[in-house]
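Q:
Protein chains in written order, with the UniProt record's numbering: chain F, 1 to 480; chain S, 1 to 480.
1) Going by DSSP in three states, residue 171 (chain S) sits in which element: helix, strand or coil?
2) For residue 146 (chain F), return the contacting residues in chain S, with the cut-off set at a CB-CB distance below 8 Å.
3) What residues match up with residue 363 (chain F) in a beta bridge as DSSP calls it?
4) With a cut-off of 8 Å on the beta carbons, I'd call residue 261 (chain F) and residue 239 (chain F) a contact; round off their distance for me.
5) Regarding residue 138 (chain S) and the ligand MG, is the C-beta to nearest heavy atom distance less than 7 Å?
6) Taking residue 87 (chain F) as the reference, which of F:38, F:197 and F:244 has the closest Cα?
7) Tell me, please, whether the CB atom of residue 120 (chain S) is closer than 8 Å to any CB atom in chain F?
8) Around the Cβ of residue 254 (chain S), are there at least 16 other Cβ atoms within 10 angstroms (buried) or fewer (exposed)?
9) On the DSSP letters alone, give me the boundaries of the beta strand (DSSP E) that residue 220 (chain F) sits inside.
10) What residues of chain F sit near residue 34 (chain S), judged by a beta carbon separation below 9 Å?
11) If you drop the 5 nearest sequence neighbours on each side, which residues of the same chain put their C-beta closer than 7 Å to that of residue 470 (chain S)?
12) Looking only at its chain, what residues have a beta carbon closer than 8 Å to the beta carbon of residue 58 (chain F), apart from the 5 residues adjacent to it on each side?
13) Residue 54 (chain F) touches chain S at which residues, Cβ-Cβ below 9 Å?
14) Using a Cβ-Cβ cutoff of less than 6 Å, which residues in the same chain neighbour residue 441 (chain F) once the five nearest sequence positions on both sides are dropped?
15) Here's the rule: buried if 16 or more other CB atoms are within 10 angstroms of the residue's CB, otherwise exposed. What is residue 370 (chain S)?
16) Consider the Cβ of residue 160 (chain F): report whether some Cβ of chain S lies at a distance smaller than 8 Å.
17) Whose C-beta lies closer than 6 Å to the C-beta of residue 115 (chain F) among residues of the same chain, with five residues either side of it excluded?
18) State yes or no: is the beta carbon of residue 298 (chain F) nearer than 8 Å to at least one beta carbon in chain S?
19) State buried or exposed for residue 332 (chain F), treating a residue as buried only when at least 16 other CB atoms are found within 10 Å of its CB.
20) At what residues does the alpha helix (DSSP H) containing residue 482 (chain S) begin and finish?
21) Could you work out which residues of chain F lie near residue 98 (chain S), taking near to mean beta carbons separated by less than 9 Å?
22) Cβ closer than 8 Å: which chain S residues qualify as neighbours of residue 69 (chain F)?
23) What first and last residue would you give for the beta strand (DSSP E) that runs through residue 124 (chain S)?
24) Interface residues of chain F around residue 354 (chain S) at Cβ under 7 Å?
25) Note down, one range per segment and in chain order, each alpha helix (DSSP H) of at least 4 residues found wholly within the stretch 161 to 213 of chain F.
26) Can you list the alpha helix (DSSP H) stretches of 4 or more residues lying completely in the stretch 413 to 461 of chain S, in chain order?
27) By how many angstroms is the C-alpha of residue 279 (chain S) removed from the C-alpha of residue 8 (chain S)?
28) The alpha helix (DSSP H) that contains residue 231 (chain F), what's its start and end?
29) Tell me whether residue 59 (chain F) sits in a helix, a strand or coil according to DSSP, three-state version.
30) Quick check on this structure: which residue in S:326, S:301 and S:177 has the alpha carbon closest to the alpha carbon of residue 312 (chain S)?
31) Residue 28 (chain S) to residue 34 (chain S), Cα distance in whole Å?
32) Grab the span of the beta strand (DSSP E) containing residue 76 (chain F) for me, first residue to last.
33) Given this structure, state the Cα-to-Cα distance separating residue 48 (chain S) from residue 358 (chain S), to the nearest angstrom.
34) Mind checking residue 14 (chain F): buried by the 16 CB within 10 Å criterion, or exposed?
35) Alpha helix (DSSP H) containing residue 138 (chain F): first to last residue?
36) Keeping to the same chain, check which residues put their C-beta closer than 8 Å to that of residue 186 (chain S); ignore five residues upstream and five downstream.
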């Protein structure tokens, strides 16, 4: 590694030194996003957007396979609609952007830029639904939403973000509950199989649930710094909104009833999760399934006979099956290029120089293990396919290992405090489920209940934080 | 046709009786859109949105093939940025929605909901661009925009619409001009090959060009009622915005220069064009390439042995290659279903009943010609593929014929007036290119200059409207 290269790498603050700064360095230096002139709003640059497109593609296919259709509801919602569901308006009104003027005219009623679309969608559903024969309604939209945040971080918490929001109506409570859990499972499958991020799934506490929900389910991921990331939520809204919006249908028994309702969403926040679950001090490490570039080909001594020709031949061959870039820039050294592709998290790098050509081979570098091996030109196509699969699997295993190492059991409040101070992570503990206890934990430590996991363990009979009888086992953590 | 069926069809007002009402009836009865509680804002329902997804898919592929990348810029633009380019703010300020409050707080500076994104994108480009080596910038975004319209019609003119906006920077004027024309040609190709709508391409007059543009190019389509639809525009913005936003780069010669700039967009308005170019008194007629459902299978006497089994077998076979629906609803008669699928513009319908099964055949109905023929079960897959191709081609030919029949030459102002009164359409005429003449034509007849086509004809030496020397041949029409 040459002098220039070292300097290049050292531009990223090591995560052990300052994790938030590491995060900021990585996202800026890898061209994922930029800050916009409006505080809290970000520009998603092509490299970041391409990751989102790959996530979208997977999810959109799964949504459609499970019978959902896409549609589009208006950006602006009248204040009166936002106010119809009491808990909902209380939760969202403090953080919405208000449109007060259209052109030169002051509006008779303020409109909010959608923070989420339950209200406008329920207003439309109340017009559309007539009979049980129309059910279920299985609709989704891809859009941006605005929530006026005081303190923001790119991808993790921004005043505008991209997401999808599914909104469904069902004849019975059980059907709505099944849908809620089905969509949570689609999210989990996406997180594990596509993002290579293991997640804990379970139910939110009453305090942490969505404003207006009957029950909120979540998937929680653990980041390198031991903080949790809420990576996707699915809400059983029961009849809270359908009653408030007077949505009714004529049921099989001839009676007029309110349908049962769900909503579920994931957002560009997932990209923040990918960065913080897989990244290292060289920069991004991207799972092959979402990497905008899966293979970067870097020719060495490319002015020498045959190198560029061979590199181009390889590029043409590989790009039929993989997302490949041929880095033929003339004003950068191979070493500089190596570092750049590593920093950008590209899963595989192929180096090809005059000596490789003599030996009828190339060098294949893996971003996740930093290992390099010679591969014959005949078997390179197969090797790339195999290695990309290996990397995808290895990243999930590594992330599971990291999470397991940072997951603890505690039997006392002091233990919790000690862990959070010295080696933060997920903490499993029994819990009384009382709001006052939850508030107290948060006030003393900043820790929140992440979820009551579906997979329960019996760790004792009493709540280690307040001494009352325990009702459940929960995951606790500091969170983004 | 039974009584119930006749009633069904007659719910659409004939286009000869009242074209605007025909349009409104079609879009409502076919479940493409609905009106939202905010005036001028529409909900795009799944059937309408699926058409947009098919258009998006084609364009997105073509954009990427020509080197463009997607990204996402913020929804909200500070007022000060909107004001930087003088002509631009004059054009757009009267029709933007203003955000004045974020949560409980009044904002220090008003933010407009993007009506188009030149200003925010140029602000970012000014940070990103350093050297000629960075050029060209070839970026696009898919999003919604808001323009406060006084009078709206679903798809054609709404206060919010979905679109894509490409924004590129180039080293030279010629490169920017080439890009502008390349993107116009991609739009034309999409209109003709995907939407089956023939278009006239050319340049907008000074009066009609985009606010802030050096030159605007357009594609103009003719609707059934003889009115023109501006279906897509591509702007050469030269250095207007790059100067106002102080975007500079270090050129090959070591000098700091302003790059050349383009932008181009098409929107959900295209769906309005499809409706009005192909629809008839039975409802929609959709080109197979964008039809959400290409083939509807309707079983007849489905309670009889073997019918449903055969229909399901056919469905499984066809859905591997086509977008197929099996209409197995029990509470509707086959005749009712026939009408519904016709109204929804589905290109092909397959009818299958006990007699057909005896004869080892199905009936294949074409929406565009209303012709029905028997097809053997062995050759149905091939026949469907062939017929869909035929329909796609036939729709373009029909639309070309319609347009040609409604395209006229005029040599006097009186002729123009007579045509617009009796048989409106495209009018080709020589023109002086003077603003006062253009204003006068519009004031007297409501007709505007649609474009100065690339394909010129010499129809004389003087302007038939004002008598001054003619500079060019232009297309005139009333327009949406």
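Just so it is clear, CB atoms sit at the ideal spot from N, CA and C, and this is done for glycine as well. Since this is a predicted model, take the numbers as computed values, not measurements.
A: Quick look at the numbers:
1) The answer is coil: DSSP assigns residue 171 (chain S) none of H, G, I, E or B.
2) 75 and 76
3) F:351 and F:374
4) At roughly 7 Å, the Cβ-Cβ gap stays under 8 Å, so residue 261 (chain F) and residue 239 (chain F) are in contact.
5) This structure lacks the ligand MG, and indeed carries no ligand of any kind.
6) F:244
7) yes
8) exposed
9) Counting along the chain, the beta strand (DSSP E) containing residue 220 (chain F) begins and ends at 215 to 222.
10) 124, 127 and 128
11) 430, 431, 432, 460, 461, 462 and 463
12) 190, 194 and 289
13) Residues of chain S passing the Cβ test: none, with the nearest at roughly 12 Å.
14) 447 and 465
15) exposed
16) It does: the Cβ of residue 160 (chain F) has a partner Cβ on chain S nearer than 8 Å.
17) 92, 96, 145 and 147
18) Under the Cβ distance rule, residue 298 (chain F) does not count among the residues neighbouring chain S, no pair being separated by less than 8 Å.
19) exposed
20) There is simply no residue 482 (chain S) to check, as chain S begins at 1 and stops at 480 in what is shown.
21) 99, 100, 101, 102 and 103
22) Those are 46, 49 and 50, listed as they occur along chain S.
23) Unbroken run through residue 124 (chain S) is the alpha helix (DSSP H), 118 to 128; no beta strand (DSSP E).
24) By Cβ distance, chain F contributes nothing, its closest Cβ being about 26 Å from residue 354 (chain S), past 7 Å.
25) 173 to 193
26) With a minimum length of 4 residues, the continuous alpha helix (DSSP H) runs that stay inside the stretch 413 to 461 of chain S are 413 to 422 and 435 to 445.
27) In this prediction, residue 8 (chain S) has a pLDDT of 49, which is less than 50 and means its spatial position is unreliable; what the coordinates show is noted afterwards. One Cα belongs to residue 8 (chain S), the other to residue 279 (chain S), and the distance between them is close to 17 Å.
28) It is not in any alpha helix (DSSP H) - residue 231 (chain F) instead sits in the beta strand (DSSP E) that spans 228 to 238.
29) helix
30) S:326
31) 7 Å
32) Looking at the DSSP string, the run of the beta strand (DSSP E) that includes residue 76 (chain F) is 76 to 78.
33) CA-CA distance, residue 48 (chain S) to residue 358 (chain S), rounds to 38 Å.
34) exposed
35) No alpha helix (DSSP H) contains residue 138 (chain F), which is instead part of the beta strand (DSSP E) from 137 to 146.
36) Closer than 8 Å at Cβ, skipping near neighbours: 59, 62, 63 and 66.
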